[in-house]
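> The structure that follows is given in the form of C-alpha cells.
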Amino acid sequence: MRPFLMACAAALLGLPAALGHAAPLHGIAMHGDPALPPDYKHFSYVNPDVKKGGRISYGVVGTFDSLNPFILKSMRTTARGMWDPEFGNLVYESLMLRSRDEAFTMYGLLAESVEWDDDRSFVEFHLDPKARWADGKPVTPEDVIFTFELLRDKGRAPFSIRLNGVEKLEKTGEHSVRFTFNEKGDREAPLLIALSPILPKHATDVETFDRSSLAFPLGSGPYKVKAVKPGERIVYERDPNYWGKDIPSKVGFDNYDEISVEYFLQDNSLFEAFKKGAVDLYQEGNPTKWARGYDFPAVQSGTVIKDAVKSKLPPVMFGFVFNTRRPVFQNAELRKALLYAFDFEWVNRSLFENAYTRTESFWQNTDLSSLNTPIDAREREILGDAVSRIDPAVLEGTHRLPVTDGSGRDRKVLREAMNHFRNAGYSIKNGRMVDASGKQLAFEIMTQNADQEKLALAYQRFLSALGVQVSLRTVDDSQYQSRSQIFDYDVIMKAFLSSLSPGLEQVRRWGSQARDTEGSESFAGVADPDLDRVMAAILSARTAEDFRSAVRLQDRMLLSGNYIVPLYHLGEQWIARNKHIGRPEATPLWGFQLPAWWDERVQ
C-alpha cells in the first residue's frame, strides 16, 4: 500500500502512523505553508485553456559546446533550455516544481507527494507512478539515488554539494526515496533536494559523464532535442507522450510544438534579428534604447508589442566586484575609497538620461533590507561582539551611498574618497596614487560586452583623475566565462539575483568554503567566519522574524564590507515580443514567466 493510502487508513482506524512518517503533503514551503490547497488545479499565473502548438524562437548572446548542463567543463556554455530558469527545464525535470508566485514553495512534479518532520531531519519523496522517461521507462527511486551520487562525484556546484548534508539516502518503497540529514543539513536542504534535476540511470554513461558532449540526452521533460548546430542553434520538439502534461503544476506550461534557441556573437546582432522577425522575444535592459530604439516598422505597425511590468522582487545587485583573492583588494578601507570614487550621478545623467535608481541594498524595497531599519536585538545576538565591525551608519540603517553633483569631479565626495585612500595607506605623489613603498595603485577591469565596457570606461575616467591606473579588457563570452570560473580577474562586473527567500545560494556567493571552489559564484572571494555564521542563521531560522533579522544582518555585513561598487536598477521588467506570442494576463511575483506563454496563431 502506498504511503499516502497507509496514512489515510491509519487515520480512519485510529491507528498511529508508521514510525518516522509524517502526513504526505502536496507542497512544501521554506517558511509557512503553501499558498495553494491540495486540490489546486493549476498555478495562478497560467492560462489553463491555452491552445498548444506553434513555435517560438528565443535568442541569446554566446555559444555552446555541450548539451550537459551539470558539469564544470560546460558551465555556462551549455545549450540553453536543457535546464533553464528562464526558458524552462525542457528536457530534465526535478522532484518538485517551484511556484513563481511565492517566495519559496515547491509543488509536486516527479514526486506527487512529500513528507518531512517539524525539525526537517528527513524528507521523503513519493514518486508519481505515471512519471516516465522519454523512452517510456518509469522514473524510479534508483534513478533518484543514482543522480545524486553521480552529481556528487562528477557534477558541478551546486549539484555536487547537495549530499553534503545527507546522512543516508535510501529507497523506502516501490516509488519512495528518503533523504535523512546530518548535522550539516539545514532547513532549506529539503527544498534544494526537491528542485534538483533527476537523470535516467539506464541511459547515463557514468564513465563519460563529466566530458562535454553533444549527444542528444534522454530526460523526463516535455521536450526532446530535435536538432543541434554547435554554437549556433538548438531546436527542441514537444514529446507527444510527455507523462506530466495534465498534472496541476504543469497545466498551462510547455505550450509550443517547437522551441528554437538562436545564438549570436553580439547583442546588436540579436536585436537586428529580432527586428527582422527571426527571433520572437527581446528582453531589454537599456532605458535609452527602450525609449528611443524601438521606432522600427514592426513596432509602428503593431507587429511588435512592448511589455513592461513592475517587479515585486528585490532589485538585482549589479556592480563592479573586487576580487579579494588579490592582495590589493584585501584592504577594506581601499575598497571603500574606490566605491566613493564612482560618480553614479554623472553616469546616470550622461549615459542613461537619469533613468536608473541607485542600488543601495541587496534586498532593497523589501522588509529584508537594512535600509531605514536599525539593527535589532536578534541581529546583535547572532553577531555578538563582531557587530563592532559594521559601519555605525549601516547599523542604524541610515547608510547611503555618496551623492555627487553629477560633474564627474565633485570635490566634496572626492575629499571623502581621499580620506579613505589615506586611511588605506595611499597618497597622491606626482599625480600617481601610490602606497607607502611608492607603488602605484593599478588593476584591470574585465568586461564582456559594449554596455559593460561603457561603464568601465567611465569608472576608469573617475579613477584616473585620482592617479589610479585602470586598464580595461573586454573578452569574448567563452573567455569571460572561463576566467570567471577560475577567478582570473582583478575586478569584474556581475549581477546577483536577489529573492524573498535567500538561502544556500548566498553561501555559494559569500561563504568561506566557496572561495576556492572553481565554478562557484564567489566572485568577490570573501572568507569571513562572522559572515558564515550569519548565513547559517538564515538557513536555520524557524520563524519569519528570525529569518528577516538574519537576512538584514547579512545585508549590513555585505554593505559594510564594500565588496561591490553597487550600480543601478530599474523598477520594471521590459520585454518586446512579436504579437503572435501571447502571454497570460496575470504576472507572478517573479515577473515574466516565458514557459507559460504561447503561439496565438494556433487555432
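Residue numbering for the sequence shown is -22 to -1, 1 to 581, as defined by mature numbering (1 follows the signal peptide of the UniProt record, and there is no 0). By construction, the Cβ of each residue, glycine as well, lies at the ideal position given by its N, Cα and C atoms.
For Ala514, which residues from the same chain have a beta carbon less than 8 Å from its beta carbon, with the 5 sequence-adjacent residues on both sides left out?
Indexing the sequence shown from 1 puts residue 514 at position 536. Once the five neighbours on either side are set aside, the close Cβ partners of Ala514 are Asp164.
> May I ask you to report which of helix, strand or coil DSSP gives Val69?
Residue 69 sits at position 91 when you count from the first residue of the sequence shown. Three-state result, Val69: coil.
> Drop a sphere of 10 angstroms on the beta-carbon of residue 613, count the other beta-carbons inside from all chains shown, and report buried for 16 or more, exposed for fewer.
As shown, the chain starts at -22 and ends at 581. That puts residue 613 outside it, with no answer to give.
> Report the option in Pro119, Ala256, Ala371, Ser339 whose CA atom is closest to the CA atom of Pro352.
The count along the sequence shown starts at 1 and reaches residue 352 at position 374. With distances taken between Cα atoms, Pro352 lies closest to Ala371.
> Helix, strand or coil for Phe465, going by three-state DSSP, please let me know.
Position 487 of the sequence shown, counted from the first residue, corresponds to residue 465. It is coil, neither helix nor strand.
> Measuring CB atoms only, is the segment 526 to 535 touching the segment 353 to 360, in the sense that at least three cross pairs come out at less than 8 Å?
Enough Cβ pairs lie closer than 8 Å, so yes.
> Leaving out five residues before and five after Phe296 in sequence, what residues of the same chain have Cβ atoms less than 8 Å from its Cβ?
Stepping through the sequence shown from its first residue, residue 296 is reached at position 318. If we look at Phe296 and ignore the five residues flanking it on each side, its Cβ neighbours are Thr337, Met471, Lys472, Ala473, Phe474, Pro544, Leu545, Tyr546, His547.
> Look at Val504 and Arg493 and say whether their C-beta atoms are less than 8 Å apart.
Position 526 of the sequence shown, counted from the first residue, corresponds to residue 504. Position 515 of the sequence shown, counted from the first residue, corresponds to residue 493. Cβ atoms of Val504 and Arg493: closer than 8 Å.
> What residue from Arg156, Asn397, Ala395, Leu73 has the CA that sits closest to Val101's CA?
Taking the first residue of the sequence shown as 1, we reach residue 101 at position 123. Looking at the Cα atoms, Arg156 is the closest of the given residues.
> Exposed or buried, which one is Gly280 when buried takes at least 16 other CB atoms within 10 Å?
Along the sequence shown, one-based indexing puts residue 280 at 302. Counting Cβ neighbours within 10 Å, Gly280 comes out exposed, since fewer than 16 surround it.
> In terms of alpha-carbon separation, which member of Gln418, Pro2, Glu496, Asp27 lies closest to Gln581?
The residue you call residue 581 lines up with position 603 of the sequence shown. It is Asp27.
> Using CA atoms only, rank isn't needed, just tell me which of Lys204, Arg216, Trp221, His9 is closest to Glu90.
Numbered from 1 along the sequence shown, position 112 holds the residue referred to as residue 90. Cα-wise, what sits closest to Glu90 is Trp221.
> What are the boundary residues of the beta strand (DSSP E) that includes Tyr272?
In the sequence shown, counting from the first residue as 1, residue 272 sits at position 294. First-last for Tyr272: undefined, no H or E at that position.
> The alpha helix (DSSP H) that contains Gln438, what's its start and end?
Numbered from 1 along the sequence shown, position 460 holds the residue referred to as residue 438. Its alpha helix (DSSP H) spans residues 428 to 442.
> What does the alpha-carbon distance come out to for the pair Ser130 and Glu185?
Taking the first residue of the sequence shown as position 1, residue 130 is located at position 152. Taking the first residue of the sequence shown as position 1, residue 185 is located at position 207. The question names Ser, yet the displayed sequence has Arg at residue 130. C-alpha separation (whole angstroms): 14 Å.
> With C-beta atoms as the reference, is Leu173 less than 8 Å away from Ile6?
Working through the sequence shown from its first residue, we reach residue 173 at position 195. Working through the sequence shown from its first residue, we reach residue 6 at position 28. Contact flag unset, no.
> Can you check whether the CB of Ile225 is closer than 8 Å to the CB of Gly59?
As a first step, residue 59 must be located in the sequence shown, where it is residue number 81. As a first step, residue 225 must be located in the sequence shown, where it is residue number 247. Not closer than 8 Å, so no.
> For the beta strand (DSSP E) containing Asn556, name the first residue and the last one.
Looking up residue 556 in the sequence shown gives position 578. Element bounds for Asn556: 550 to 556.
> Quick one: give me the first and last residue of the alpha helix (DSSP H) that Ala7 is part of.
Position 29 of the sequence shown holds residue 7. Premise fails: Ala7 lies in the beta strand (DSSP E), 5 to 7, not in any alpha helix (DSSP H).
> Taking Met424 as the reference, give the member of Gly375, Thr376, Asp321, Gln457 with the closest Cα.
Taking the first residue of the sequence shown as position 1, residue 424 is located at position 446. Closest by alpha carbon: Gln457.
> Tell me the DSSP secondary structure of Lys132 in three-state form.
Along the sequence shown, read from residue 1 onward, the residue named residue 132 stands at position 154. Looking at Lys132 - three-state DSSP - the assignment turns out to be helix.
> The alpha helix (DSSP H) spanning Gly489 covers which residue range?
Here residue 489 is taken as the residue at index 511 of the sequence shown, counted from 1. That residue, Gly489, is in no alpha helix (DSSP H); it is neither H nor E in DSSP.
> For the beta strand (DSSP E) containing residue 604, name the first residue and the last one.
This structure leaves residue 604 out entirely; the chain is present only between -22 and 581.
> Give the straight-line distance between the Cα atoms of Gly392 and Pro380, rounded to the nearest whole angstrom.
As a working mapping, residue 392 is identified with position 414 in the sequence shown. As a working mapping, residue 380 is identified with position 402 in the sequence shown. It should be noted that the sequence gives Leu, not Gly, for residue 392. The straight-line gap from Cα to Cα measures roughly 10 Å.
> Below 6 Å CB to CB, which residues in the same chain sit around Lys19 once its five sequence neighbours on both sides are set aside?
Walking along the sequence shown from the start, residue 19 turns up at place 41. Result list for Lys19: Pro226, in chain order.
> Taking only beta-carbon atoms, is Gly10 less than 8 Å away from chain C?
Although the question refers to chain C, the structure presented lacks it and comprises just one protein chain.
> Give me the DSSP bridge partner(s) of Gly86.
Looking up residue 86 in the sequence shown gives position 108. Bridge partners of Gly86: Met74.
> Going by DSSP, which residues form a beta bridge with Asp285?
On the sequence shown, residue 285 is found 307 positions in, with the first residue counted as 1. In the DSSP output, where bridge partners are listed per residue, Asp285 has Ile553.
> Classify Ala414: buried if its beta carbon has 16 or more other beta carbons within 10 angstroms, exposed otherwise.
Position 436 of the sequence shown holds residue 414. Classification for Ala414: exposed.
> Would the beta-carbon of Tyr36 fall within 8 Å of that of Pro566?
The count along the sequence shown starts at 1 and reaches residue 36 at position 58. The count along the sequence shown starts at 1 and reaches residue 566 at position 588. Cβ atoms of Tyr36 and Pro566: not closer than 8 Å.
> Taking DSSP as the reference, what is the three-state secondary structure of Trp94?
Here residue 94 corresponds to residue number 116 of the sequence shown, with the count starting at 1. Residue state, collapsed to three classes: strand.
> Any idea which residues DSSP pairs Trp576 with across the strands?
Here residue 576 is taken as the residue at index 598 of the sequence shown, counted from 1. DSSP, once it has assigned bridges, lists Gly560 as partnering Trp576.
> Could you check whether Val453 and Gln438 sit closer than 8 Å to each other, using their CB atoms as the reference points?
For the purposes of this step, residue 438 is identified with residue 460 of the sequence shown, where counting begins at 1. For the purposes of this step, residue 453 is identified with residue 475 of the sequence shown, where counting begins at 1. No. Outside cutoff.
> Residue 591 lies in the alpha helix (DSSP H); which residues open and close that run?
Since the first residue shown for the chain is -22 and the last is 581, residue 591 is missing from the structure and cannot be characterised.
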